[in-house]
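Visitor: Numbering (the UniProt record's numbering), first residue to last: 1 to 947.
C-beta atoms are modelled at their ideal positions from N, C-alpha and C, and glycine is treated no differently.
Quantities reported herein were computed from a predicted structural model and do not represent experimental measurements.
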Amino acid sequence: MAQILNFRHIPFLSSKPNSHLRFLSTLIASSSRRRRNVAPLNLRRRYTAMEVEESSSLGPTTGFNKRRAEGTDKTNFTRKNLQLKVRKLNPINTISYVQILGTGMDTQDTSPAVLLFFDNQRFIFNAGEGLQRFCTEHRIKLSKIDHIFLSRVCSETAGGLPGLLLTLAGMGEEGMTLNIWGPSDLKYLIDAMRSFIPNAAMVHTKSFGPTFGTNESTVQFQSNNSIVLVDDEVVKISAIILQPSNNESQLLKPCQSPSQRADHSTEILDSPNGKKLPAAKPGDMSVVYVCELPEIKGKFDPGKAKALGLRPGPKYRELQLGNSVESDHQNVMVHPSDVLGPSIPGPIVLLVDCPTEFHLEALLSSKSLATYGDQVEGNLPKAGKGVACVIHLSPESVVSCSKYQTWMKAFGSAQHIMAGHEKKNVEIPILKASARIAARLNYLCPRFFPAPGFWSLPNHNCSKPGSLASSEDSLSALSNVINAENLLKFTLRPYVNLGLDRSCIPTTASSSEIIDELQSEIPEVVEAAQHVSQLWQDCSQTKDDLIPVADHKMVIEEPWLCEDEITPACLENVRRDDLEIVLLGTGSSQPSKYRNVSSIYINLFSKGGLLLDCGEGTLGQLKRRYGVSGADDVVRSLSCIWISHIHADHHTGLARILALRRDLLKGVPHEPVLVVGPNKLKRYLNAYQRLEDLDMLFLNCKHTTKASLDDFENDLQETVNSQDLSNNNAEINASKVDSTLFAKGSRMESYWKRPDSPVDKGDVYPLLRKLKRAIHEAGLNALISFPVVHCPQSFGVVLKAEERTNSVGKVIPGWKIVYSGDTRPCPELIEASRGATVLIHEATFEEGMVEEAIAKNHSTTNEAIEMGEAANVYRIILTHFSQRYPKIPVFDKTHMHKTCVAFDMMSINIADLPVLPKVLPYLKLLFRNDMIVDESDDVVDVASSAS
Numbered sequence: 001m002a003q004i005l006n007f008r009h010i011p012f013l014s015s016k017p018n019s020h021l022r023f024l025s026t027l028i029a030s031s032s033r034r035r036r037n038v039a040p041l042n043l044r045r046r047y048t049a050m051e052v053e054e055s056s057s058l059g060p061t062t063g064f065n066k067r068r069a070e071g072t073d074k075t076n077f078t079r080k081n082l083q084l085k086v087r088k089l090n091p092i093n094t095i096s097y098v099q100i101l102g103t104g105m106d107t108q109d110t111s112p113a114v115l116l117f118f119d120n121q122r123f124i125f126n127a128g129e130g131l132q133r134f135c136t137e138h139r140i141k142l143s144k145i146d147h148i149f150l151s152r153v154c155s156e157t158a159g160g161l162p163g164l165l166l167t168l169a170g171m172g173e174e175g176m177t178l179n180i181w182g183p184s185d186l187k188y189l190i191d192a193m194r195s196f197i198p199n200a201a202m203v204h205t206k207s208f209g210p211t212f213g214t215n216e217s218t219v220q221f222q223s224n225n226s227i228v229l230v231d232d233e234v235v236k237i238s239a240i241i242l243q244p245s246n247n248e249s250q251l252l253k254p255c256q257s258p259s260q261r262a263d264h265s266t267e268i269l270d271s272p273n274g275k276k277l278p279a280a281k282p283g284d285m286s287v288v289y290v291c292e293l294p295e296i297k298g299k300f301d302p303g304k305a306k307a308l309g310l311r312p313g314p315k316y317r318e319l320q321l322g323n324s325v326e327s328d329h330q331n332v333m334v335h336p337s338d339v340l341g342p343s344i345p346g347p348i349v350l351l352v353d354c355p356t357e358f359h360l361e362a363l364l365s366s367k368s369l370a371t372y373g374d375q376v377e378g379n380l381p382k383a384g385k386g387v388a389c390v391i392h393l394s395p396e397s398v399v400s401c402s403k404y405q406t407w408m409k410a411f412g413s414a415q416h417i418m419a420g421h422e423k424k425n426v427e428i429p430i431l432k433a434s435a436r437i438a439a440r441l442n443y444l445c446p447r448f449f450p451a452p453g454f455w456s457l458p459n460h461n462c463s464k465p466g467s468l469a470s471s472e473d474s475l476s477a478l479s480n481v482i483n484a485e486n487l488l489k490f491t492l493r494p495y496v497n498l499g500l501d502r503s504c505i506p507t508t509a510s511s512s513e514i515i516d517e518l519q520s521e522i523p524e525v526v527e528a529a530q531h532v533s534q535l536w537q538d539c540s541q542t543k544d545d546l547i548p549v550a551d552h553k554m555v556i557e558e559p560w561l562c563e564d565e566i567t568p569a570c571l572e573n574v575r576r577d578d579l580e581i582v583l584l585g586t587g588s589s590q591p592s593k594y595r596n597v598s599s600i601y602i603n604l605f606s607k608g609g610l611l612l613d614c615g616e617g618t619l620g621q622l623k624r625r626y627g628v629s630g631a632d633d634v635v636r637s638l639s640c641i642w643i644s645h646i647h648a649d650h651h652t653g654l655a656r657i658l659a660l661r662r663d664l665l666k667g668v669p670h671e672p673v674l675v676v677g678p679n680k681l682k683r684y685l686n687a688y689q690r691l692e693d694l695d696m697l698f699l700n701c702k703h704t705t706k707a708s709l710d711d712f713e714n715d716l717q718e719t720v721n722s723q724d725l726s727n728n729n730a731e732i733n734a735s736k737v738d739s740t741l742f743a744k745g746s747r748m749e750s751y752w753k754r755p756d757s758p759v760d761k762g763d764v765y766p767l768l769r770k771l772k773r774a775i776h777e778a779g780l781n782a783l784i785s786f787p788v789v790h791c792p793q794s795f796g797v798v799l800k801a802e803e804r805t806n807s808v809g810k811v812i813p814g815w816k817i818v819y820s821g822d823t824r825p826c827p828e829l830i831e832a833s834r835g836a837t838v839l840i841h842e843a844t845f846e847e848g849m850v851e852e853a854i855a856k857n858h859s860t861t862n863e864a865i866e867m868g869e870a871a872n873v874y875r876i877i878l879t880h881f882s883q884r885y886p887k888i889p890v891f892d893k894t895h896m897h898k899t900c901v902a903f904d905m906m907s908i909n910i911a912d913l914p915v916l917p918k919v920l921p922y923l924k925l926l927f928r929n930d931m932i933v934d935e936s937d938d939v940v941d942v943a944s945s946a947s
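(1) Where does Glu731 sit, in a helix, a strand or coil, going by DSSP?
(2) Compare the beta carbon distance of Leu839 and Val873 with 8 Å and say whether it is the shorter of the two.
(3) For Leu691, which of Thr167, Asp191, Arg804 and Gln717 has the nearest alpha-carbon?
(4) Once DSSP output is grouped into helix, strand and coil, what is the label at Phe891?
(5) Output needed for Thr860: all residues of its chain with C-beta closer than 7 Å, excluding positions within five of it in sequence on either side, in chain order.
(6) Using the Cα positions of Phe149 and His670, report the straight-line distance between them to the nearest angstrom.
(7) Suppose you measure from the CA of Met554 to the CA of Val526; what does that come to, to the nearest Å?
(8) Can you give me the start and stop residues for the alpha helix (DSSP H) that Ile865 sits inside?
(9) Using the Cα positions of Asn700 and Glu292, report the straight-line distance between them to the nearest angstrom.
(10) Just to check, is the beta-carbon of Leu923 closer than 7 Å to a non-hydrogen atom of the ligand ATP?
(11) Under three-state DSSP, which class holds Ile830?
(12) Could you check how far apart the C-beta atoms of Ile817 and Ala836 are, in whole angstroms? I think they sit under 8 Å.
(13) For Ala801, which residues in the same chain have their Cβ closer than 8 Å to its Cβ, ignoring the five residues on either side in sequence?
(14) Could you give the C-beta distance for Phe64 and Asn857, rounded to a whole number, given that I count them as a contact under 8 Å?
(15) With distance defined between alpha-carbon atoms, name the residue in Thr136, His790 and Leu101 nearest to residue 954.
(16) Can you tell which of Leu168, Glu295 and Gly130 has its C-alpha closest to the C-alpha of Gln83?
(17) Residues in the same chain with beta-carbon distance under 7 Å from Leu360, minus the five sequence neighbours each way, listed in chain order, please.
(18) Does DSSP put Arg152 in a helix, in a strand, or in coil?
(19) Would you say His703 reaches chain D, if we count a Cβ-Cβ gap shorter than 8 Å as a contact?
(20) Counting C-beta neighbours from all protein chains within 10 Å, is the total for Pro307 16 or more, i.e. buried, or is it exposed?
(21) Roughly how many whole angstroms lie between the Cα atoms of Arg824 and Gln99?
(22) Run through DSSP, which three-state label would Phe605 get?
(23) Taking a contact to mean a Cβ-Cβ separation below 8 Å, would you say Val334 touches Ser324 in this structure?
(24) On the premise that Leu920 lies in contact with Met896, defined as a C-beta separation below 8 Å, what is that separation, rounded to the nearest angstrom?
(25) Looking at the secondary structure, which residues open and close the beta strand (DSSP E) in which Glu842 lies?
(26) Please state whether the Cβ-Cβ distance between Leu444 and Ala528 is less than 8 Å.
(27) Could you tell me which of Pro494, Pro827, Ser520 and Asn573 sits nearest to Val808, measuring between CA atoms?
(28) Per DSSP, which one or two residues make a beta bridge with Cys791?
(29) Quick one: residues in its chain with C-beta nearer than 8 Å to the C-beta of Asn486, no 5 flanking neighbours on either side, listed in chain order?
(30) Which residue marks the beginning of the beta strand (DSSP E) containing Glu292, and which one marks its end?
(31) Quick check on this structure: which residue in Leu771, Lys887 and Gly617 has the alpha carbon closest to the alpha carbon of Glu156?
(32) Could you check what DSSP says for Ile522 in three-state terms: helix, strand or coil?
(33) Would the beta-carbon of Phe448 fall within 8 Å of that of Asp912?
(34) Name the one or two DSSP bridge partners that Asp231 has.
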């Protein structure tokens with residue numbers, strides 16, 4: 001009876017009992033039909049002796065992998081020699097084509113990639129962020145890729161390379177790698193990536209063209225000759241270097257330190273004239289790639305062979321292979337030309353990346369490229385070579401230049417594919433699987449899942465088929481110019497099919513079509529969406545004020561949602577423009593179809609924002625959430641970027657974000673953005689900045705711990721009237737910890753610095769002042785890092801908002817957000833999270849995989865929830881799920897009364913926190929066919945209680 005009385009407080013059961021009982025009955029029936037994919041018994045929770053101690057009380061005996069936390073676990077470094085794939089080539093290819101891989105087409109955040117396909121070989125040109133996720137979505141096997149060529153070396157063209165190399169290194173028992181080609185500044189990228197990528201993954205790296213850092217005077221690189229990179233019986237690939245015409249920037253100075261003089265171990269191919277010549281600066285060079293297929297031999301004529309005295313047999317084959325043979329009946333040599341028909345020249349593909357008008361002069365003056373044009377000097381027809389397709393990676397600003405268009409006309413008979421960013425592609429999602437999920441989530445709960453940014457854009461003036469949007473009139477003389485589309489092909493072999501192939505271009509699906517499909521698949525979702533909408537109406541009595549959850553009615557489907565709770569004081573009179581937590585990436589390890597890797601945007605609206613972790617594809621996710629121009633505004637207004645640890649899935653999107661911010665603020669007075677992260681990240685960024693300026697300042701996480709910040713504040717107070725801090729030789733009082741990773745007597749207590757590592761106040765204190773000013777301008781009272789247990793130099797972070805005063809003068813405490821980073825349960829996390837408004841905690845594994853969690857120093861869903869319960873936090877958001885859970889993770893329903901599961905693009909406004917856990921049952925309905933374990937008991941319990 002108590003349960004029945006409890007459910008009478010539910011609005012839809014008291015006002016419309018019959019209809020909502022039918023709704024629950026439908027859920028029961030649908031759940032009973034999905035008793036598949038139940039987790040086997042051997043995946044249920046398995047306790048070790050260490051975990052039994054943990055279950056009694058969280059403390060120093062909590063299970064974890066100490067060697068991994070200390071960085072001495074060598075299990076991941078046993079692969080000394082990664083396998084470079086050796087394939088048997090097929091000189092008579094039955095299929096060959098080039099294909100546009102549309103990375104960045106909808107978000108304009110990265111360069112599209114181009115696939116050159118042969119039966120037994122694959123070549124990819126450019127590897128921008130999102131390439132790995134794109135290949136997963138469209139079933140392009142990474143293990144089949146043999147070579148990657150970069151047209152430029154920068155975050156736009158190479159942002160996806162680190163993740164790709166790490167994924168290949170982990171494939172199979174021995175791992176894999178591939179050949180990487182790029183201009184000579186590629187060595188700076190390779191040097192930077194060594195901070196977190198094993199050297200074995202990059203040993204097959206080859207750079208070409210002029211070199212940097214020599215004492216020689218600047219000599220203009222001779223681009224009259226191309227550099228042959230690959231030349232086999234299948235294809236010949238050559239590179240033509242383009243250097244900008246303005247050499248105003250200074251040459252890179254000669255290396256001074258031993259570390260800078262270290263061997264880059266990348267193979268440098270000399271320039272055509274045999275000299276190693278300096279370029280303007282790293283990152284300036286661009287490359288035009290020329291891909292030439294061998295000619296197709298003419299048809300063999302047996303009649304001619306017989307007339308020349310040859311008997312049918314092996315000599316026929318030798319002639320077809322291009323070898324001369326001696327006649328059987330005549331004293332003559334028979335040559336292939338005697339018995340073969342006329343050969344067909346092999347098709348040629350040009351990939352042109354002319355990034356600026358300063359590179360245009362080199363493009364126009366290249367004699368190597370001129371030999372491939374339709375005409376030579378004197379307007380005489382060109383003999384031999386003929387270009388079948390030109391793929392333009394050049395931006396619209398260059399393509400619209402009259403000189404560039406004149407150069408294009410030299411290849412008038414070729415098919416021109418304009419693969420630079422075009423506005424028409426913005427409204428067509430490249431990652432259709434995740435866009436489909438986003439549309440479904442938006443239909444069910446638009447408050448937490450706003451419509452993607454491109455849906456809210458006004459209609460662009462899309463270009464007409466076969467012409468360019470901005471250059472349509474000026475290129476009208478070239479009828480064979482089209483805009484690139486995702487997965488557009490140009491067939492090279494068989495020769496009879498030479499030309500465009502649109503058969504693989506994905507069909508577009510509008511949001512309305514996706515919703516129609518959803519309603520057909522799950523009819524109950526219509527009523528569920530109405531219930532979700534009712535949550536907000538019942539949760540507040542006025543437009544601006546929130547009331548405690550215990551004082552109003554709830555629409556629920558789970559018994560635990562009936563529990564009373566007290567709303568924190570910080571949510572009193574909270575405004576919707578105070579805070580929004582945007583979960584840009586909620587997966588772990590590597591991107592998948594449905595979840596990108598870790599990144600969280602803390603939106604403080606008019607006061608700017610912060611990024612917590614910045615995995616590959618973070619910029620693309622911002623563009624999908626806020627639109628192309630809206631994401632630019634977000635990047636401009638970033639106050640700080642905080643990185644938890646050095647693992648690639650948490651920081652490889654950082655360079656692209658910083659490079660875009662640099663470009664957006666060029667010519668505008670501004671300060672470099674502050675990046676807070678582990679010391680290993682500083683090594684990577686310092687090395688990368690030799691390639692391109694990132695316009696940032698770096699602060700080590702260990703200097704933002706509570707102990708370090710307290711010492712900083714104390715020193716500031718003591719030196720108000722003293723000399724400048726840079727002349728103060730006092731050392732910061734070191735924390736009293738043991739000199740191992742874990743303090744004696746507390747196996748889980750990590751540390752942020754050794755006692756013998758004094759802080760250089762002259763370097764650190766100015767950065768701490770800048771951090772203090774930046775977070776104050778963002779409306780924050782503190783940003784505090786704390787050590788966690790994952791790998792060396794792993795941290796979590798606390799963000800505290802300033803107090804505010806309401807209209808009657810009452811002081812309202814500021815909210816508190818804690819982000820765990822990657823970690824095992826540990827006391828530092830509990831202490832830092834005490835009384836938090838929101839704890840964002842990693843939950844890589846399900847409950848039954850504790851042993852795997854310990855081995856990799858991650859947490860299970862239950863452990864993450866237990867951390868929040870122990871710290872008495874108000875709301876827990878679970879994130880960083882293993883990619884074994886593609887859509888929704890496995891979790892225990894009995895512990896979800898204050899918890900919600902994160903999804904990519906989920907946007908949680910602070911004003912909506914009281915509603916957050918109540919949405920979870922409806923999300924389970926949305927993914928009921930994708931749950932790994934059987935969830936039917938959840939709804940049965942509710943229905944039985946209601947009855």
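Guide: In terms of the structure at hand:
(1) Along the sequence shown, one-based indexing puts residue 731 at 731. Confidence at Glu731 is low in this model, with a pLDDT of 43, below 50, so the placement of that residue should be treated as unreliable; the coordinate-derived value is given next. Residue state, collapsed to three classes: coil.
(2) Mapped onto the sequence shown, residue 839 falls at position 839. Mapped onto the sequence shown, residue 873 falls at position 873. Yes, the pair counts as a contact, with Cβ atoms nearer than the cut-off.
(3) Within the sequence shown, residue 691 is the residue found at index 691, counting from 1. It is Asp191.
(4) One-based indexing of the sequence shown puts residue 891 at position 891. Phe891: coil per DSSP, three-state reduction.
(5) As a first step, residue 860 is located in the sequence shown; it is residue number 860 there, counting from the start. Cβ within range, chain order: Ala843, Phe845, Glu846, Glu847, Met849, Val850 and Ala853.
(6) Your numbering for residue 149 matches position 149 in the sequence shown. Your numbering for residue 670 matches position 670 in the sequence shown. Looking at the two C-alpha atoms, the distance is approximately 35 Å.
(7) By 1-based counting over the sequence shown, the position of residue 554 is 554. By 1-based counting over the sequence shown, the position of residue 526 is 526. A caution first: Met554 carries a pLDDT of 31, below 50, which makes its placement in the model too unreliable to give a value.
(8) Indexing the sequence shown from 1 puts residue 865 at position 865. Unbroken alpha helix (DSSP H) run through Ile865: Thr861 to Ala870.
(9) In the sequence shown, the residue the question calls residue 700 occupies position 700. In the sequence shown, the residue the question calls residue 292 occupies position 292. Distance between the alpha carbons of Asn700 and Glu292: 50 Å.
(10) Looking at this structure, you won't find the ligand ATP or any other ligand, since it has none at all.
(11) For this step, residue 830 is matched to residue 830 along the sequence shown. Of the three classes helix, strand and coil, the one that applies to Ile830 here is helix, per DSSP.
(12) Residue mapping note: residue 817 aligns to position 817 of the sequence shown, counting from 1. Residue mapping note: residue 836 aligns to position 836 of the sequence shown, counting from 1. With 8 Å as the limit, Ile817 and Ala836 qualify as a contact, their Cβ atoms being about 7 Å apart.
(13) Position 801 of the sequence shown, counting from 1, holds the residue named residue 801. So the list reads Cys570, Asp578, Leu579, Gly779, Leu780, Asn781, Gly814, Trp815 and Lys816, once near-sequence residues are dropped.
(14) Here residue 64 refers to the residue found at position 64 when the sequence shown is read from its first residue. Here residue 857 refers to the residue found at position 857 when the sequence shown is read from its first residue. About 6 Å; that satisfies the 8 Å criterion.
(15) The structure shown does not extend to residue 954, since the chain spans only 1 to 947, so no value can be given for it.
(16) Along the sequence shown, read from residue 1 onward, the residue named residue 83 stands at position 83. The shortest C-alpha separation from Gln83 is found at Leu168.
(17) As a position in the sequence shown, residue 360 is number 360, starting the count at 1. Taken in chain order, the residues that qualify are Cys354, Val398, Cys401, Lys403 and Tyr404.
(18) One-based indexing of the sequence shown puts residue 152 at position 152. The answer is coil: DSSP assigns Arg152 none of H, G, I, E or B.
(19) Given the protein chain composition of this structure (a single chain), no chain D is represented.
(20) Along the sequence shown, one-based indexing puts residue 307 at 307. The identity of residue 307 in the sequence shown is Ala, whereas the question assumes Pro. Exposed, since its Cβ has fewer than 16 Cβ neighbours within 10 Å.
(21) Against the sequence shown, residue 824 aligns to sequence position 824. Against the sequence shown, residue 99 aligns to sequence position 99. The alpha-carbon atoms of Arg824 and Gln99 are separated by roughly 44 Å.
(22) Sequence index remark: in the sequence shown, residue 605 carries index 605 (1-based). Looking at Phe605 - three-state DSSP - the assignment turns out to be helix.
(23) As a first step, residue 334 must be located in the sequence shown, where it is residue number 334. As a first step, residue 324 must be located in the sequence shown, where it is residue number 324. Yes, these two residues count as a Cβ contact at 8 Å.
(24) Counting from one through the sequence shown, the residue named residue 896 turns up at place 896. Counting from one through the sequence shown, the residue named residue 920 turns up at place 920. Sure, about 6 Å apart at Cβ, within 8 Å.
(25) Counting from 1 along the sequence shown, the entry for residue 842 is found at position 842. Start and end: Val838 to Glu842.
(26) Here residue 444 refers to the residue found at position 444 when the sequence shown is read from its first residue. Here residue 528 refers to the residue found at position 528 when the sequence shown is read from its first residue. Yes, they are a contact pair.
(27) For the purposes of this step, residue 808 is taken as residue 808 along the sequence shown, with counting starting at 1. Considering only alpha carbons, the answer is Asn573.
(28) Against the sequence shown, residue 791 aligns to sequence position 791. Beta-bridge pairing links Cys791 to no other residue.
(29) Counting from 1 along the sequence shown, the entry for residue 486 is found at position 486. Once the five neighbours on either side are set aside, the close Cβ partners of Asn486 are Ile100, Leu101, Gly102, Met105, Asn425, Ile428, Ile430, Ile505 and Pro506.
(30) Sequence index remark: in the sequence shown, residue 292 carries index 292 (1-based). Unbroken beta strand (DSSP E) run through Glu292: Ser286 to Glu292.
(31) Taking the sequence shown and counting its residues from 1, the one referred to as residue 156 is at position 156. The residue with the shortest Cα to Cα distance from Glu156 is Gly617.
(32) Taking the first residue of the sequence shown as 1, we reach residue 522 at position 522. Looking at Ile522 - three-state DSSP - the assignment turns out to be coil, as it is neither helix nor strand.
(33) Along the sequence shown, read from residue 1 onward, the residue named residue 448 stands at position 448. Along the sequence shown, read from residue 1 onward, the residue named residue 912 stands at position 912. Yes.
(34) As a first step, residue 231 is located in the sequence shown; it is residue number 231 there, counting from the start. DSSP output for Asp231 lists Lys236 as bridge partner(s).
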